[in-house]
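Below is one structure, written out as structure tokens, with a few remarks after it.
Numbering (full-length UniProt numbering), first residue to last: 1 to 185.
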């Protein structure tokens, strides 16, 4: 894996490495009860300290070569929208993809577009064999954006995580490099 983070561009978006200067934008979009409810690792309230800690973890992952994250920006006005990234297991040539986007950007296809760019980068530049992602039950829109990018439902992990004192199931999707390239023909 390369330690250099490229800038990925789609029709409407720019994906680039998050910086310390993004902390206030990250807090502004992530500090949302609805986002907390649909993710495993974003608390509510989401504070500046949370964003700084996350950025520190991301930078550590970059240095170790096992994590790459992109901030999602609007090409039109450069506004911060959310984050997408890959946690890479080099030994297995696979990565777990995770993402979130600010509520005001929901339902507009931005995450679908971001996932497409990151899948292409993961398979064609990082030479990954497989990329997988999951969502918590109760967030089927996340599964739909994976399906729009050709990802295949692989498993339902019953009562796999505990959030807010309740066990929640996780729905996992995957795409192999071969499946990705076959879907592009």
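Backbone N, C-alpha and C fix where the C-beta goes; we use that ideal spot for every residue, glycine too. A quick note: this is a predicted structure, and the numbers were derived from the prediction, not measured.
Rounded separation between residue i and residue j - CA only
i	j	result
residue 12	residue 76	7 Å
residue 184	residue 122	15 Å
residue 113	residue 10	7 Å
residue 59	residue 17	10 Å
residue 155	residue 172	5 Å
residue 61	residue 108	30 Å
residue 186	residue 39	Absent from the model: residue 186. The displayed extent of the chain is 1 to 185, so no value can be given.
residue 132	residue 97	6 Å
residue 167	residue 161	6 Å
residue 111	residue 92	26 Å
Start and end residues, beta strand (DSSP E) containing residue i
i	result
residue 196	In the structure as shown, the chain begins at 1 and stops at 185. Residue 196 is therefore absent and cannot be evaluated.
residue 62	From DSSP, residue 62 is part of no beta strand (DSSP E) but of the alpha helix (DSSP H) over 48 to 64.
residue 124	Note, residue 124: premise wrong, no beta strand (DSSP E); alpha helix (DSSP H) at 110 to 124.
residue 153	152 to 163
residue 74	67 to 74
residue 134	130 to 136
Anticipated Cβ contact below 8 Å, residue i with residue j, distance rounded
i	j	result
residue 82	residue 99	7 Å
residue 29	residue 80	6 Å
Nonlocal neighbours in the same chain, by C-beta distance under 8 Å from residue i, ignoring five residues either side
i	result
residue 158	169
residue 179	150 and 152
residue 33	44
residue 181	123
7 Å CB neighbourhood of residue i in its chain, flanking five on each side removed
i	result
residue 20	55
residue 145	111, 112 and 115
C-beta neighbour in chain B for residue i, strict 8 Å
i	result
residue 11	You won't find chain B in this structure, because it holds only one protein chain.
Per the contact definition of three or more C-beta pairs closer than 8 Å, is the segment 50 to 65 in contact with the segment 123 to 133?
-> no
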